[in-house]
Amino acid sequence: MGTKQENSTVLERETQKLKPPPMYKVILLNDDYTPMEFVVAIVQEYFNKDREAAMQIMLKVHRDGKGICGVYPKDIAQTKVELVLTHARRAGHPLQCVMEEV
Ligand code: TYC
Numbered sequence: 042m043g044t045k046q047e048n049s050t051v052l053e054r055e056t057q058k059l060k061p062p063p064m065y066k067v068i069l070l071n072d073d074y075t076p077m078e079f080v081v082a083i084v085q086e087y088f089n090k091d092r093e094a095a096m097q098i099m100l101k102v103h104r105d106g107k108g109i110c111g112v113y114p115k116d117i118a119q120t121k122v123e124l125v126l127t128h129a130r131r132a133g134h135p136l137q138c139v140m141e142e143v
């Protein structure tokens, strides 16, 4: 064990070094073909939103061309993008989902 002075110096150094992990927005993009109800179901299933919140996100994407479904650490964001794309392709819809560092 070091002295009080040494311990506080180590703590200060660690505080400066440890950055929080980068976070990523998972974003849905609009298209002309994917049904609105399918998008609402996707947002509810993969982004833990209730029907009303999912509807608001879907309508924002429909109006503005894109919208944020959630913000996650990199590996979780990647998994969500893959799951959404796989689900959409299996259902025959062209829905696009991307991630962007915050
Ligand atoms: N624009 C689509 C339609 O009119 C609905 C839609 C919303 C599609 C959001 C994709 O990410 C999307 N059926």
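Residue numbers (this note's numbering): 42 to 143. All C-beta atoms, glycine included, are put in the ideal place defined by N, C-alpha and C. For clarity, every value in this text was computed on a predicted model and none was experimentally measured.
Contact set for F79: own chain, Cβ-Cβ below 7 Å, skip 5 residues either direction = Residues of the same chain with a CB within less than 7 Å of the CB of F79, apart from the 5 flanking positions on each side, are A132 and H134 in chain order.
Looking at V143 and K66, is the spacing between their C-beta atoms short of 8 Å?
-> Pairing K66 with V143 gives a Cβ-Cβ distance under 8 Å.
Please classify L136: does DSSP put it in a helix, a strand, or coil?
-> In this structure, DSSP gives L136 a state outside helix and strand, which the three-state scheme calls coil.
Identify the residues that DSSP records as bridge partners of Y113: which are they?
-> The partner list for Y113 (beta bridge, DSSP) reads Y65.
Span of the alpha helix (DSSP H) around V84 | Residues M77 to F88.
Secondary structure of L59, DSSP reduced to three states = DSSP places L59 in coil when its eight states are reduced to three.
Going by alpha carbons, who is nearest to L136 out of D116, K115, A118 and G106?
-> Residue G106 is the option with its Cα nearest to L136.
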